[in-house]
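J.: Would you mind keeping the following structure in view while I ask a few things?
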Amino acid sequence: MEAVFFYVFGTLAVISALLTVTRRDAVASAFWLIFCFLSVAALFALLSAHFMAILQILLYAGAIMVFFLFVIMFLGKSQDRVKTSDWRVVALGVLSLIGATVVLTRLVGSTHAPFPAVADSYGGIEAVSEVLLTKYLFAFELTGLLLTAAVIGAVYLARREAPGSRGAKAPVVRGLTSQAATSTASSSAVQHEDVPHA
Amino acid sequence: MHETLSNLPLLSGLPAQVLVVLAMVSAGGIILGCIAVGGMFFIWSERKVAGYIQSRYGPMYVGGWHGVLQSLADGVKLLLKEDIWPEKADKPLWRMAPLLVFLGAFLSFVVLPFGPNFVGANLDIGLFYVMATSSLVVMGVISAGWGSNNKWALYGALRGAAQVISYEIPLGLALLPVVMSTGSLNLGTIIQAQAGWIHNWHLLNPLFFVSFWIYVISSLAEVNRVPFDLPETESELVSGYHTEYTGMKFAFFFLGEYADMFVVSAIGVTVFLGGWYSGIPALDVPALFPLIFILKSFFLVFVQIWLRWTLPRLRVDQLMYVCWKVFIPIALANLLLYGVIRTVLS
Amino acid sequence: MTWSDASLIAPILWVTLGGVAVLMTDAFWRRAGTGHLTAVSVVFLTIAAIYAARSDASGSAFAGALAADSFSAFFNLTFIVVALITLALGSSYFADEEQPLVEFFPLVMFATVGMMVMAAATDMITIFLGLETMSISLYVLAALQRRSILSMEAGFKYLILGAFSSAFLLYGMALLYGSTGSTHLPTMATAIQGVGFDRDLLFWMGWGFLLVGLGFKIAMVPFHMWTPDVYDGSPAPVAGFMAAGVKAASFAAMLRVVWTGLPALGDMWIDMLVVFAVVTMTAGNLIALAQSNLKRMLAYSAIAHAGYLLVGIVATTPSMTDPAARGILFYLMVYALMNLGAFALITLVSSREGEKVDLAGFAGLARRHPVISACVTVFMLSLAGIPPTAGFWGKVYVFEAAVRDGHTVLAVIALLNSAVAMFYYLRVVVLMYMREPEDEAYTGLDPQVGAAMVVLAVALLWIGLFPGPMAELARQGVSALAGSF
Chain A
4 MEAVFFYVFG TLAVISALLT VTRRDAVASA FWLIFCFLSV AALFALLSAH FMAILQILLY
64 AGAIMVFFLF VIMFLGKSQD RVKTSDWRVV ALGVLSLIGA TVVLTRLVGS THAPFPAVAD
124 SYGGIEAVSE VLLTKYLFAF ELTGLLLTAA VIGAVYLARR EAPGSRGAKA PVVRGLTSQA
184 ATSTASSSAV QHEDVPHA
Chain B
8 MHETLSNLPL LSGLPAQVLV VLAMVSAGGI ILGCIAVGGM FFIWSERKVA GYIQSRYGPM
68 YVGGWHGVLQ SLADGVKLLL KEDIWPEKAD KPLWRMAPLL VFLGAFLSFV VLPFGPNFVG
128 ANLDIGLFYV MATSSLVVMG VISAGWGSNN KWALYGALRG AAQVISYEIP LGLALLPVVM
188 STGSLNLGTI IQAQAGWIHN WHLLNPLFFV SFWIYVISSL AEVNRVPFDL PETESELVSG
248 YHTEYTGMKF AFFFLGEYAD MFVVSAIGVT VFLGGWYSGI PALDVPALFP LIFILKSFFL
308 VFVQIWLRWT LPRLRVDQLM YVCWKVFIPI ALANLLLYGV IRTVLS
Chain C
246 MTWSDASLIA PILWVTLGGV AVLMTDAFWR RAGTGHLTAV SVVFLTIAAI YAARSDASGS
306 AFAGALAADS FSAFFNLTFI VVALITLALG SSYFADEEQP LVEFFPLVMF ATVGMMVMAA
366 ATDMITIFLG LETMSISLYV LAALQRRSIL SMEAGFKYLI LGAFSSAFLL YGMALLYGST
426 GSTHLPTMAT AIQGVGFDRD LLFWMGWGFL LVGLGFKIAM VPFHMWTPDV YDGSPAPVAG
486 FMAAGVKAAS FAAMLRVVWT GLPALGDMWI DMLVVFAVVT MTAGNLIALA QSNLKRMLAY
546 SAIAHAGYLL VGIVATTPSM TDPAARGILF YLMVYALMNL GAFALITLVS SREGEKVDLA
606 GFAGLARRHP VISACVTVFM LSLAGIPPTA GFWGKVYVFE AAVRDGHTVL AVIALLNSAV
666 AMFYYLRVVV LMYMREPEDE AYTGLDPQVG AAMVVLAVAL LWIGLFPGPM AELARQGVSA
726 LAGSF
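Chains as they are written, first to last, in the numbering used here: chain A, 4 to 201; chain B, 8 to 353; chain C, 246 to 730.
Listed below in structure tokens is the structure:
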């Protein structure tokens, strides 16, 4: 029974991942990616890592992809069709796929690691939190610091400049986004010159 | 559940795999029935409460007593309505949206503990699971807004998604002190911690008092109810993200919304209001558990309806202000305070 | 967590506290200017420095997540010095703006914490988190001047490429974990003692990815492309901080991995590293020759120096008991000081209208500001590796070790490269002293930055004349790892 579910969700994950990269419509890609995440969450659940499965849904399918979609929707529909017909890109992709397949098939079973058998509680929330707050306590706390730094940065970069300050009329940030939105074709959007102050 | 099925005389000969599938299907059917019947009941009660608040009767004729079958009649009407497809809609997304919204509510029902042995799936991480399923609703709302190819719908969807994601944070933070206290995310375990007399309910524990109010208010925003109904403000956005939907698809949105109301109420009951316990040990007999649980949840649903017909709605910026600058700091401080008190006491 | 865990990482905790304190000061004290924030930061950094210098306790903290030993103490001191000088440069630089860029202070503190964690980490997870803490702070620091499109470009490029390289690093770590069964470096080392790892594909792919990820941070060719643009666009104090701190931190993490985690198989990948070292220093030096922009020139010089440092790693692998390992630590410290000095010059001559980075603009500086010019001369001589400056000894230690380890050809190539490099470093000196000033005089030079330059120049000369104490400090730093070989 478990094997059946594994192959079903595994296949779904692979197919939706393929659809994610082949769809031309960015929104469709995003939704296929969500579907892929959900399938992966199901795989986690099959591995009795229930906590990871829920996290996968809550964080990736829920929060992160919503922000992806926000960005796509704010940028508008007209630009989001990506040109994919360049044969070199496709050839490169196929080559990498073959290479990765060869390497991965060789990798499977080439490990020498003495992995011990896991306990029944493995992957449950109690086991995860136990490890997180004892063995990996430092990493856990450091992640908090990392996120603090990221929040400071995000708030700083996204903040509107105070009215009346120099350059408030022509914030560079807005200039960049509008450039990126209008000229995806000419990728040299950023020129090496200072923006004139208002 | 499939063990129960295998005990039935008619099914005892079937192989286990078939029974598992059968169990899944029948469980799904039961939940679906609950949502449909419950949803119709809530819609009816919403209209009756609205009528009472506005000093009028509301539906009176269909079904005899006080128009109890009005929702059923409306349901039939919705089924018979023409299914209008916007020409420029993004068809797959547009069709998927009502299903996703409904699925989110449906999946949450699986873990709701109506009684010690009356729960679809007794997950260790039930509370966490409910939070995760609500993200499916967000996806449905977004795909409705984008798929409709309608500016009102898109506005509604963006507002809805931003609102639900933002309010998920104070909601989760408000639940955490209780989780810390019971040491479990299992809904049944959380209820069992409130057994006995009514003072054992978490609501009456001064440490969880702030949590309860943050939870109740945030849950209103989580299900897009007044005063946080910005995603579907009829005076600004026609009808928000489901502007373009008619017939059965609209019915799915509608049902999903009312099912979500019940889910957040049921979680509120589970975490703060003693779940299936009545608060009087003498009344706590297993047969009454589902009834008590459902009655309490109905009460919270009633509060939501009551608020809808009483309060004006917020502006978008006020909505975000309340979440990020009021609730999250308060919830964080509350969590910290609880942690400190707990550490000191132990 | 126990009290002993906390006391072992006291310097890290103090710097973290300092970052939070600076953040709170800014948030709740509206009239706090950059001066106040600098003062708060300096107080906490000083406390951290005292703890770092006095720490004689050593051991493993937080269940093997990181180690407090003389190696981490050495790097803690290095990073605190780097942070202090960066703050000295930045406090006036960012006060210039009408809106003071107060985010500079907490971000520098947090980046410093990330660096300190990288140097102390004995677990791959900790290394990665330290690296990310440092990097995320730096992405924002690079883009700190929101009105300058160059600064935004720097931040954006750094972010995109940095995220890409982090993914490589993480993949590498995951594969190494899959291969060895642990993320804890000493445990990995024990696992690798077993048979068959020389043919373990998983292991080698993991190590390769790890090298790519770290190579990006140390600006190793061919993963160096971001360096010139990011250094050029970033505000000068930030660029100095990057050049000095990121390089030292990434090398520290690399040394931990190489010396503690993977010593057994050193002879198998050392040839690869030789190639990288040669390519890195040659490419860096040759391209630097053609630069007319001081910041870009320093960026390519940073790439070249990464090459020299790789020579050091080659020289101390696989026979890591070699006392010459101290050369790398010595070099990193000295390199940090001289680079900060060079970027201090840019900070000094920058004005509201933008940074003055054109080499020709420095013509005749000596006539107007003899002291500053003298300091710059020391920095350039040191970067070029000419006695009696500290840079000379750094090169001597590293190259000598290479020769002794049998990598004579590599050492000769490195020497030739140093000769090439002399040209572009000395060009700055020649311009300052032997040309007539073309430009208007630099007025209103900031005394704080000038003082920092003088301090740096004196320190470099001092170390150049008496390299003994610093070399001894570096030797002690290495000795902590020598035990684990």
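Beta carbons: idealized from backbone N, C-alpha and C, even for Gly.
Please list, in chain order, the chain A residues whose beta carbon lies closer than 8 Å to that of residue 101(B).
T.: Translated into the one-based positions of the second sequence, residue 101(B) becomes position 94. Result: empty, since nearest Cβ-Cβ is about 11 Å, beyond 8 Å.
J.: Looking at the strands, I want to know which residues DSSP matches up with residue 313(C).
T.: Along the third sequence, one-based indexing puts residue 313(C) at 68. The partner list for residue 313(C) (beta bridge, DSSP) reads 304(C).
J.: Going by alpha carbons, who is nearest to residue 455(C) out of 474(C), 502(C), 467(C), 477(C)?
T.: As a working note, residue 455(C) is residue 210 in the third sequence. Residue 502(C) is the option with its Cα nearest to residue 455(C).
J.: Using a Cβ-Cβ cutoff of less than 8 Å, which residues in the same chain neighbour residue 198(B) once the five nearest sequence positions on both sides are dropped?
T.: Walking along the second sequence from the start, residue 198(B) turns up at place 191. For residue 198(B), where only same-chain residues beyond five positions count, the Cβ hits under 8 Å are 120, 277, 281, 282, 283, 284.
J.: Using a Cβ-Cβ cut-off of 7 Å (strictly less than) and excluding sequence neighbours within five positions of residue 185(B), which residues of its own chain qualify?
T.: Taking the second sequence and counting its residues from 1, one reaches residue 185(B) at position 178. Answer for residue 185(B): 197, 209, 215, 218, 278, listed in chain order.
J.: What are the start and end residues of each continuous alpha helix (DSSP H) run of 4 or more residues lying completely inside the segment 452-522 of chain C, in chain order?
T.: Runs found: 471-478, 481-486, 492-500.
J.: Let me know if residue 124(B) comes out buried or exposed under the rule of 16 or more other beta-carbons within 10 Å of its beta-carbon.
T.: Reading the second sequence from its first residue, position 117 is the one you call residue 124(B). Exposed is the call here.
J.: Name the chain B residues that come within less than 8 Å of residue 72(A), Cβ to Cβ?
T.: In the first sequence, the residue the question calls residue 72(A) occupies position 69. Ordered by position in chain B, the residues that pass the 8 Å Cβ test against residue 72(A) are 149, 153, 168.
J.: Which two residues bound the contiguous alpha helix (DSSP H) that contains residue 158(B)?
T.: As a working note, residue 158(B) is residue 151 in the second sequence. 158-189 is the extent of the alpha helix (DSSP H) around residue 158(B).
J.: Is the number of C-beta pairs between the segment 229-244 of chain B and the segment 200-207 of chain B that are closer than 8 Å three or more?
T.: Counting Cβ pairs under 8 Å, fewer than three are found: no touch.
J.: Compile a chain-ordered list of the residues in the segment 304-334 of chain C whose CB is closer than 7 Å to at least one CB of chain A.
T.: Hits within the stretch, in order: 307, 308, 310, 311.
J.: Assign residue 271(C) to one of three DSSP states: helix, strand, or coil.
T.: Mapped onto the third sequence, residue 271(C) falls at position 26. Of the three classes helix, strand and coil, the one that applies to residue 271(C) here is helix, per DSSP.
J.: By the three-class DSSP mapping on this structure, what secondary structure does residue 538(C) have?
T.: Position 293 of the third sequence, counted from the start, is the residue given in the question as residue 538(C). It is a strand residue.
J.: Could you please give me the residues that DSSP links to residue 743(C) through a beta bridge?
T.: Lying outside 246 to 730, the shown extent of chain C, residue 743(C) is not represented and no answer is given.
J.: Just the Cα atoms here: how many angstroms apart are residue 576(C) and residue 643(C)?
T.: In the third sequence, residue 576(C) corresponds to position 331, counting from 1. In the third sequence, residue 643(C) corresponds to position 398, counting from 1. C-alpha separation (whole angstroms): 8 Å.
J.: Check residue 122(B) in the structure and name its three-state DSSP category.
T.: One-based indexing of the second sequence puts residue 122(B) at position 115. Correct three-state label for residue 122(B): strand.
J.: Tell me whether the segment 545-559 of chain C and the segment 524-534 of chain C touch, counting them as touching only if at least three CB pairs, one residue from each stretch, are closer than 8 Å.
T.: Flag = yes, the segment 545-559 of chain C and the segment 524-534 of chain C touch.
J.: Go ahead and pull the three-state DSSP assignment for residue 251(C).
T.: For the purposes of this step, residue 251(C) is taken as the residue at position 6 of the third sequence. Correct three-state label for residue 251(C): helix.
J.: Is there at least one Cβ from chain F nearer than 8 Å to residue 145(B)'s Cβ?
T.: The structure shown contains no chain F; the protein chains it does contain are A, B and C.
J.: Expressed to the nearest angstrom, what Euclidean distance is found between the alpha-carbon atoms of residue 139(A) and residue 459(C)?
T.: For the purposes of this step, residue 139(A) is taken as residue 136 along the first sequence, with counting starting at 1. For the purposes of this step, residue 459(C) is taken as residue 214 along the third sequence, with counting starting at 1. So the two alpha carbons sit approximately 23 Å from each other.
J.: Quick one: which chain A residues come within Cβ less than 9 Å of residue 78(B)?
T.: Numbered from its first residue, the second sequence carries residue 78(B) at position 71. Residues of chain A passing the Cβ test: none, with the nearest at roughly 31 Å.
J.: Using a C-beta cutoff of 8 Å, does residue 248(B) count as contacting chain A?
T.: To locate residue 248(B), count along the second sequence from 1; it is residue 241. So, not an interface residue.
J.: Identify the contact partners of residue 251(C) in chain A, using a Cβ-Cβ distance below 9 Å as the criterion.
T.: Looking up residue 251(C) in the third sequence gives position 6. Residues of chain A passing the Cβ test: none, with the nearest at roughly 10 Å.
J.: Kindly list the residues whose CB is nearer than 6 Å to the CB of residue 489(C), restricted to its own chain and excluding five residues on each side of it in sequence; keep chain order.
T.: Start at 1 with the first residue of the third sequence, and residue 489(C) comes out as number 244. The residues are 327, 581, 584, 585.
J.: In the segment 119-132 of chain B, which residues sit with their C-beta less than 8 Å from some C-beta in chain A, listed in chain order?
T.: Residues 130, 131, 132.
J.: Under 8 Å: do the segment 53-72 of chain A and the segment 134-150 of chain B share three or more Cβ pairs, one atom per stretch?
T.: A contact exists between the segment 53-72 of chain A and the segment 134-150 of chain B.
J.: What is the DSSP secondary structure of residue 90(B), reduced to helix, strand or coil?
T.: The residue given as residue 90(B) occupies position 83 in the second sequence. Coil at residue 90(B), not helix or strand.
J.: Could you tell me which residues DSSP puts in a beta bridge with residue 603(C)?
T.: Along the third sequence, read from residue 1 onward, the residue named residue 603(C) stands at position 358. Beta-bridge pairing links residue 603(C) to 538(C).
J.: Under the assumption that residue 590(C) contacts residue 621(C) (Cβ atoms under 8 Å), give the Cβ distance between them as a whole number of angstroms.
T.: If you number the third sequence from 1, residue 590(C) lands on position 345. If you number the third sequence from 1, residue 621(C) lands on position 376. About 5 Å; that satisfies the 8 Å criterion.
J.: Going along chain C in order, which residues have a C-beta closer than 7 Å to the C-beta of residue 159(A)?
T.: Within the first sequence, numbered from 1, the residue matching residue 159(A) stands at position 156. The contacting residues are 348, 385.
J.: What do you get for residue 27(A), buried or exposed, if any count of 16 or more other CB atoms within 10 angstroms of its CB means buried?
T.: Walking along the first sequence from the start, residue 27(A) turns up at place 24. With fewer than 16 other Cβ atoms within 10 Å, it is exposed.
J.: For a contact defined as C-beta to C-beta under 8 Å, what are the partners of residue 334(B) on chain A?
T.: Taking the first residue of the second sequence as 1, we reach residue 334(B) at position 327. The contacting residues do not exist; residue 334(B) stays about 17 Å from chain A at best.
J.: Apart from the five residues on each side of it in sequence, which residues of its chain come closer than 8 Å, Cβ to Cβ, to residue 731(C)?
T.: Summary: the structure shown does not reach residue 731(C), with chain C confined to residues 246 through 730, and so no result is reported for it.
J.: Using a 10 Å radius around the Cβ and a threshold of 16 neighbouring Cβ atoms, would you call residue 364(C) buried or exposed?
T.: In the third sequence, the residue the question calls residue 364(C) occupies position 119. Counting Cβ neighbours within 10 Å, residue 364(C) comes out buried, since at least 16 surround it.
J.: Go ahead and pull the three-state DSSP assignment for residue 245(C).
T.: Outside the displayed span of chain C (246 to 730) sits residue 245(C), for which this structure offers no information.
J.: Looking at the unbroken alpha helix (DSSP H) that takes in residue 707(C), where does it start and where does it end?
T.: Counted from its first residue, the third sequence places residue 707(C) at position 462. Run containing residue 707(C): 692-710, per the alpha helix (DSSP H) assignment.
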